[in-house]
Structures are given as C-alpha cells and as structure tokens.
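Chemist:
Protein chains: 2
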Amino acid sequence: MLEKDPRNISCSTCLRRKENLLSGIMGEEVEHLEDHKTCNYYKKNQYLFVEGSFPRGVFCINEGKVKIFKRGDGGKEQIIQIAKGGDLVGFRAMFTEDAYKVSAETLEECNICFIRKEDFLPMLDTNPMLRNGILKELSRELADRADFITNMAQKSVRQRLAFSLLLLMEIYKDEPINISREDMANFVGTATETLIRLLKDFKEEGIIEINIRKISVLDSKKMLYVSGH
Amino acid sequence: MLEKDPRNISCSTCLRRKENLLSGIMGEEVEHLEDHKTCNYYKKNQYLFVEGSFPRGVFCINEGKVKIFKRGDGGKEQIIQIAKGGDLVGFRAMFTEDAYKVSAETLEECNICFIRKEDFLPMLDTNPMLRNGILKELSRELADRADFITNMAQKSVRQRLAFSLLLLMEIYKDEPINISREDMANFVGTATETLIRLLKDFKEEGIIEINIRKISVLDSKKMLYVSGH
DNA sequence: TGTAAAAAATGATCATTATCAATATTTTAG
DNA sequence: CTAAAATATTGATAATGATCATTTTTTACA
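Protein sequences, first through last, are from chains A and B. Here the first sequence is numbered in our numbering, starting from 1 and rising by one per residue. Here the second sequence is numbered in our numbering, starting from 1001 and rising by one per residue.
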C-alpha cells in the first residue's frame, strides 16, 4: 500500500530524482521545482494522458509502473514501454508542440509528480546538463526502438516473449512480474491465448514459475538463450 | 548521373540546408560550417557508418537515398528508415557518446556532406533554434517508431506493404520507387518471396505498376485503404 | 462472504506467412 | 557483347500463430 497523500515528497531529498534526468538540477532550481511540482496518488488503471490530447507538462514517477501504449487502427493496444519509479514520462510531445501520439496508464497504484511545461522548459535553456541528458535519453530510446522493431520483424513470438520477460524482470527488479496476460500480450505483440500457451511451455521447461498471475524467472541464462540473443 | 566532385556544394546557398534542421544556423556559423564540412560522392551500396563503430560527426545528404538498418541476430537486415536528400543522418549516436546501434548504406549514388562532431556539437550550445529543432526531430522520430512498432505488431504483411509503399512514394516523390525486393522486404519485415507475391497481387489489382523493378503507385487512395489506415 | 464480472486457461481449427527448391530474368564485369 | 553473378520470380510445403468457442479460476464489491 502506497502513501495516499504524497504531497510531502520533496525534490531536494528525492532519491529518484538524484538518479534520473533531473539530477543535474541544482540549488535554487531544485527549490523552484519543489515549490511548483504537484504530486498525486493514482489508483490502478488511471490515465496520465491520452493519445490526441495536448501535453501540459511532464510526469515524474515516484512509485509504481506505468504503461505507455498506442492504439492500433482496430483499437488494440500496443505497449511501447513500461515506465517505473524514477522515469520521466510524457516529455517528448512537449518538444514537438504536438498532441500526444501515445497514452499512459498506471499498471498499479502509483505516486507520480507533475511538473508543468512552464516550469520545465525554461530549465532547458539554463541547464546544459539537463539538456544533454535529455538529448542522450531521447537518442537512447530511439536506439531501443530500433531494436524493438527488429525483434518484432525477425523473432518468433516465443523469442520475443523470452526477451520481454527479461526486460520485465529488470523493471520489476526482485519482485515477481505482476502484469495482466492481456497487457503482456500487447507488449510482446501477440494474442493473449498464444502468450498463455507459451508461458505454460516456459513453466514446464522450468524457466519460470507462476503464482496466481505473478511470474518469476528462475533461469535467466536459459531465458536469454531462448530469446535468441 | 551525379556530380562526382561535389566539393563546390555551398552551405550558404544550399537549398537542402534551408529546409532541414540546420536552417537555424546563421551568419558566421554558416561560414564556419562551410569551411569545415566536407562533401563526397558515394557510389551505390557504400557504407556511411557501421553498427558498433563510433561516430565522428554527422552526415547531411545532399542527393540520393540512404538506408538505415540494423542486423538481427541472424545477420538479417531490418531497415528502420530510408533517408533522402536534405536529411541529417547519424547524429543520434553522437549524443549518447556510444557506438552506432544501426548502420547506414547508400541505396543509389549520393552526394553527402560530413560535419565533424567538433564542428557540430558546439553549435548546440550557441544556437537554441538548432537545439530545439533537434529535440523536436528526435521526439518526432520517436513517435514514428512507436507507429512502426504498432504496425509491425498488429498489421498483416499485406497491410504493412501497402503502408510502406505509401511511405516510399513520399520518399521517392514523383519518381518511381526504385529499391531492391530484398531491401523492400527488409523494410516491411517479411520474406522476399512473400513480398514479391504481394506486389504481384497489387499489380493485378491495378494499385501499382511495375517496370523492370521500378514501382509506381497508381491508386494511392486504394493503397491507403488496403493499408488499413 | 457470496456472487457477478473479469481474467486466465484450454481446445480445435484455420489463415498467413516462412522456408526450401527450382527457374527465369537482369545486371555486371571482362 | 557475352558469360557469370546477382536478383527476381514461381511453386510446393510446412509451421507458426490467430481466431473462436468454452471452461475454469480469480477478483471485485454489494
């Protein structure tokens, strides 16, 4: 259970901030951030923003997981990314001055801070470290997505699932992976039924363990092998 | 046939530059650019850079098409993007201070200018317009790749081919699309044989016309319909 | 805490697309 | 201009993965 009134989260002491893109912010800029950010508790399955709407600022996840996804023409979700504590979410659309091209929804209860555009963008001009960090981050994500596309095009569903489970393992750290079969299928890019069958295979092969819906990877070496990497 | 000694290409009068990210460069910065850039003629199938190598600068395509691709674990290429005259290529890896994650190879003869890192990066600090342009461009491409991933996951090969042909149509402007079946298959993310069969279908349906290997889209409205968008 | 709704799991079937093999056409280089 | 190499095309077959229908389990909440 998370703190439901997270207003006391402080930027100056926030450990998340010290490890993310905002770590370059110093002195009075931190104070300004602290005074102007808001922080809210989100239940599971709440939207942060929706495809087509216009960005008002950037979200900084303190606790919890958020899925970033796009709806295909049939309305089916494709999950592009799963963001976790420490990640900044939704700042890309701010630069294009365009509507969001993806949506963001919590996968579990979250504490998430919000920094308005007007408070965030000026820091780009005054803070070369932040600027460079963002350029670096955008470039890194671009490279990740080239990988994603290549995997999608060239790997079997079994291989993609294996690789996705390794990614999810990193996102969920030591905790078991706790995500609905449908979301997982929409991340891997397959049908829910196919995903469930493959999970069963992995279980029978001793690579994973399933408790109710939570998945633990038992043999990540074998998983990497199965992923074809 | 292209000019094989393109040293006379001038940044100050370059129409390509005036329409791309470098349009914000003014006055003596243009002169500096002009003095420090180099410009070369490339034959078909020449590499600009290879996955794993380290970037020394950025390429500015004056004439010709360049494929940006990644090799999957089997060595098979996945084309991520096809760059054309006016496009800047290879600047992402410069920000990550990391090796290239993709390769770039000419699809036809090209004239391409090269700006060294040392001449390019400092402009980021002095030129907010360039900086914002690049943030915008990176964000836009990130959105494009989310689309790419979603199409890859949710659309049939037939739909993806239709969509790819529309993209290629824009890239090739009025000229017929001139790209090998293998490259096209590696862009769509399918087997060459499947691609050829589908092209045949499109031809029989009157949506495209094929001359030797060059493809002209006859009915782009129908093509859009077939693409499922 | 019981019940309805949602999510997960299983089974059967079908369609799409990959793969392998062979041939035809086009391009390249001597 | 011609032979060799590369590319494009066609055919046959197999495998992967989607879809639809149904049952079981889990979750939410009155």
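Don't be surprised by glycine CBs; every beta carbon is placed ideally from N, CA and C.
Can you pull the DSSP bridge partners for E1109 (chain B)?
Modeler: Note: E1109 (chain B) sits in no beta bridge, so no partner.
Chemist: How would you list, in chain order, the residues of chain B whose beta-carbon sits under 8 Å from the beta-carbon of M129 (chain A)?
Modeler: Per Cβ cutoff of 8 Å: no residues; M129 (chain A) is ~12 Å from chain B at best.
Chemist: Spell out whether any CB of chain B is found under 9 Å from the CB atom of M152 (chain A).
Modeler: True, the Cβ-Cβ gap to chain B drops below 9 Å.
Chemist: Express the C-alpha separation of G24 (chain A) and L130 (chain A) in angstroms, rounding to a whole number.
Modeler: Straight-line Cα distance between these residues: approximately 6 Å.
Chemist: In chain A, which residues lie with their C-beta within 7 Å of the C-beta of R1116 (chain B)?
Modeler: Correct list: empty, because the minimum Cβ distance to chain A is about 18 Å.
Chemist: Give the single residue among A:E3, A:S139, A:C110 whose Cα lies nearest to the Cα of K84 (chain A).
Modeler: When each option's Cα is compared against that of K84 (chain A), the closest is A:C110.
Chemist: Tell me the DSSP secondary structure of Q1078 (chain B) in three-state form.
Modeler: Note: Q1078 (chain B) maps to strand in three-state DSSP.
Chemist: Hey, how far is the Cα of F1234 (chain B) from the Cα of V1066 (chain B)?
Modeler: In this structure chain B extends from 1001 to 1229, so residue 1234 (chain B) is not present and cannot be described.
Chemist: Using a threshold of 9 Å, state whether the C-beta atoms of G1228 (chain B) and A1185 (chain B) are closer than that.
Modeler: No, Cβ-Cβ distance for G1228 (chain B) and A1185 (chain B) is not below 9 Å.
Chemist: When burial is assigned at 16 or more other CB atoms within 10 Å of the CB, is K1070 (chain B) buried or exposed?
Modeler: So K1070 (chain B) counts as buried.
Chemist: Quick one: is R1145 (chain B) near chain A, going by C-beta distance under 9 Å?
Modeler: Yes, its Cβ sits closer than 9 Å to a Cβ of chain A.
Chemist: Using beta carbons (cut-off 9 Å, strictly below), is I1025 (chain B) in contact with chain A?
Modeler: Chain A, which has no Cβ nearer than 9 Å to the Cβ of I1025 (chain B), makes this no.
Chemist: Work out the CA separation of I1068 (chain B) and F1054 (chain B) for me, nearest whole Å.
Modeler: Those two C-alpha atoms are separated by around 16 Å.
Chemist: Under 7 Å Cβ to Cβ from G1086 (chain B), same chain only, skipping five residues before and after it: list those, please.
Modeler: Result list for G1086 (chain B): R1016, E1019, N1020, I1061, in chain order.
Chemist: If you measure from the beta carbon of F59 (chain A) to each beta carbon in chain B, is any gap under 9 Å?
Modeler: No, its Cβ sits nowhere closer than 9 Å to a Cβ of chain B.
Chemist: Helix, strand or coil: how does DSSP classify I177 (chain A) here?
Modeler: In the structure shown, I177 (chain A) sits in a strand (DSSP, three-state: E or B).
Chemist: Kindly say whether D1087 (chain B), judged by its beta-carbon, lies nearer than 9 Å to any beta-carbon of chain A.
Modeler: By this cut-off, D1087 (chain B) is not an interface position.
Chemist: Is the separation between the beta-carbon of E34 (chain A) and that of S10 (chain A) shorter than 9 Å?
Modeler: A contact, by the Cβ cut-off of 9 Å.
Chemist: State the CB to CB distance for the pair V1089 (chain B) and L1048 (chain B), rounded to an integer number of angstroms; the pair is presumed to be in contact (CB under 8 Å).
Modeler: Rounded, the Cβ-Cβ distance is 6 Å, consistent with contact.
Chemist: By the 10 Å Cβ neighbour count, where 16 or more other Cβ atoms means buried, how is V58 (chain A) classified, buried or exposed?
Modeler: Looking at its Cβ environment, which holds 16 or more other Cβ atoms inside 10 Å, V58 (chain A) is buried.
Chemist: Cβ atoms of I1212 (chain B) and K1203 (chain B): under 9 Å apart, would you say?
Modeler: In this structure, I1212 (chain B) does not lie closer than 9 Å to K1203 (chain B) by Cβ.
Chemist: Name, please, each residue of chain B whose Cβ falls closer than 8 Å to the Cβ of K101 (chain A).
Modeler: By Cβ distance, chain B contributes A1143, A1146, D1147.
Chemist: Using beta-carbon positions only, say whether A99 (chain A) and S1139 (chain B) come within less than 9 Å of one another.
Modeler: Taking 9 Å as the Cβ cut-off, A99 (chain A) and S1139 (chain B) do not qualify as a contacting pair.
Chemist: Just list the alpha helix (DSSP H) runs in the region 1119-1198 of chain B, keeping only unbroken ones of 4 residues or longer that don't cross its boundaries, in chain order.
Modeler: Qualifying alpha helix (DSSP H) stretches, in chain order: 1128-1154, 1157-1171, 1181-1188.
Chemist: For K4 (chain A) and chain B, any beta-carbon pair shorter than 9 Å?
Modeler: It does not; no Cβ of chain B falls within 9 Å.
Chemist: Return yes when the C-beta of N1111 (chain B) is under 8 Å from any heavy atom of the ligand NAP, and no when it is not.
Modeler: Ligands are entirely absent from the displayed structure, and the ligand NAP is therefore not among its contents.
Chemist: By DSSP's criteria, Y1100 (chain B) is part of a beta bridge. Which residues make up the other side?
Modeler: The partner list for Y1100 (chain B) (beta bridge, DSSP) is empty, contrary to what the question assumes.
Chemist: Based on the DSSP output, what are the partners of L1088 (chain B) in its beta bridges?
Modeler: Its beta-bridge partners are B:C1060.
Chemist: With 9 Å set as the bound, which would you pick, yes or no: does the beta-carbon of K70 (chain A) sit closer than that to a beta-carbon of chain B?
Modeler: Chain B contact via Cβ: present.
Chemist: Do F187 (chain A) and R1145 (chain B) have their beta-carbon atoms positioned less than 9 Å apart in this structure?
Modeler: Result no, Cβ atoms of R1145 (chain B) and F187 (chain A) do not sit closer than 9 Å.
Chemist: Between which residues of its own chain and E1105 (chain B) is the CB-CB distance below 8 Å, once the five residues before and five after are set aside?
Modeler: Contacts found: N1045, Q1046, Y1047, L1048, V1066, K1067, F1069.
Chemist: Does the beta carbon of S1139 (chain B) come closer than 9 Å to any beta carbon on chain A?
Modeler: For S1139 (chain B), the answer is yes, since a Cβ of chain A falls inside 9 Å of its Cβ.
Chemist: Taking only beta-carbon atoms, is F1095 (chain B) less than 9 Å away from chain A?
Modeler: Yes, because at least one Cβ of chain A sits closer than 9 Å to the Cβ of F1095 (chain B).
Chemist: Would L165 (chain A) and I215 (chain A) be called neighbours here (beta carbons separated by less than 9 Å)?
Modeler: Yes, the pair counts as a contact, with Cβ atoms nearer than the cut-off.
Chemist: What would DSSP say about V1066 (chain B), mapped onto helix, strand or coil?
Modeler: In the structure shown, V1066 (chain B) sits in a strand (DSSP, three-state: E or B).
Chemist: Measuring only the C-alpha atoms, how far is K43 (chain A) from I82 (chain A)?
Modeler: Approximately 17 Å, taken between the alpha carbons.
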